[in-house]
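Have a look at the structure below, then the notes.
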Amino acid sequence: MTSAMTNAMTKAMTNTTTLACSRRSALASFTLAAAAGCQASAPFAQAPDSEPHPSAPPSPPSISPLATPVVLSTWRHGLPANAGALRALARSGTALDAVEAGCRVVELDCPDMTVGLGSRPDRDGFVTLDAAIMTDDGRAGCVAFVQGVAHPISLARLVMEKTPHVLLAGAGAEQFARECGIEVAPPKLTPEAERQWREWLVEKKYEPKVNIENHDTISMLALDTQGRMAAASTTSGLAYKMHGRIGDSPIIGAGVFVDAPIGGAICTGLGETVLRTLGAHLAVEAMRAGASPQEACEHAIARIIAKNGDPKSYQVGMLALDYRGRVGAYAVQKGFNYASGTNLVDAPSKLG
Ligand code: ASP
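Structure (structure tokens):
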């Protein structure tokens, strides 16, 4: 180690142990970091950490709850998802119940054919599904590359609640589903999915198209009136992807992340770009450093663009939420919309 490195480390440690840094100075450092090309990570240690991971169900974080819940979902199909989530909350459900219920609505009926068993298949003609669910105390469950399961989001919740694991994939996840009494249907395409796949087979051209046809995951964030936050995502991933491909959606920190008492973030779009940067985690850590949810989304999208080449060739949309109910939304390209409660909102974007 050079003496310059030793000096830098000593300085960094002194800065960290001082811990006198106010929220305002954390935000100032964050803004400087963003202006410097989003490379600096120093300001990310200053806000309080959440409670350690408990083995028992959590107690709500010590945050003043809002009088009304907040529910956010990606894309237009977020409207029926939010309606399902709000119904769950009206039945005294928690934020966790809300995001599961909302995702289930779209898993059953997704006009875009991008979520659930009615989706477009991979390039070999199989619909393979990914899902993740997370609560703000650090509990999480995910399934990846599952086939024949109508509600991967509920299977992900069972992974979280009934196993010591976080992520089950493929045949193992399907075996777990059967053990839980969940039907695993044999592979079968809907007539429309089969028609489109056969059309695609003529040229076999794999070309993700921005905003349309190829991807449109439902990702959700909910904050209930007890001050609990949860996040979820469920998708068939990219249409005509390679068999075995898994995107960002079932990966904690990539497609979804939530952490009390900071907030949560969710993503949609070209999963590879989000996986390379752990986009949702990046946004939550920016909020921990003092960024607003909007600044956090812009920071994460800037990093995604910095790490993934020509941004004209892909889309990523991101939503973030904090415990004050503040919402952030930002995308690489124009065209990303989201449901906030019962409203459909167009998100601002980097490329306009
Ligand atoms: N993020 C998903 C994936 O890459 C797709 C999407 O959100 O549209 O699998």
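Those letters in the sequence shown? Residues 73 to 424, by the numbering used here. The beta carbon of each residue, even a glycine, is placed where N, CA and C say it ideally should be.
With a threshold of 16 other beta carbon atoms within 10 Å, Arg250 falls short and is exposed. For Leu189, the three-state secondary structure derived from DSSP is coil. Between the beta-carbon of Met206 and that of Phe329 there is about 7 Å, and that keeps the pair under the 8 Å contact cut.
Inter-residue distance for Glu370 and Leu342 is about 17 Å (C-alpha atoms, whole angstroms). Distance check between Val388 and each of Ala294, Ser421, Ala363 places Ser421 closest, using alpha-carbon atoms only. Of the heavy atoms belonging to ligand 1, at least one sits nearer than 6 Å to the Cβ of Ser321.
Residue state for Cys339 is assigned as strand, using DSSP reduced to three classes. A heavy atom of ligand 1 is found nearer than 6 Å to the CB of Gly309. In the DSSP assignment, Ala326 falls outside any alpha helix (DSSP H) and carries neither an H nor an E. CA-to-CA, the gap between Thr140 and Thr262 works out to about 39 Å. Using a cutoff of 6 Å, the CB of Thr306 does not count as near ligand 1, since none of the ligand's heavy atoms is closer than that.
With a cutoff of 6 Å, Gly165 does not count as near ligand 1, since its C-beta is closer than that to no heavy atom of the ligand. Excluding the 5 residues flanking it on each side, Ala245 has same chain C-beta neighbours closer than 6 Å at Val215, Val218, in chain order. Cα atoms of Val143 and Gly213: separation of roughly 20 Å, rounded to the nearest angstrom.
With a threshold of 16 other beta carbon atoms within 10 Å, Arg375 meets it and is buried. Here the distance from the Cβ of Thr340 to the nearest heavy atom of ligand 1 is below 6 Å.
Rounded to the nearest whole angstrom, the C-alpha separation of Leu227 and Val238 is 11 Å.
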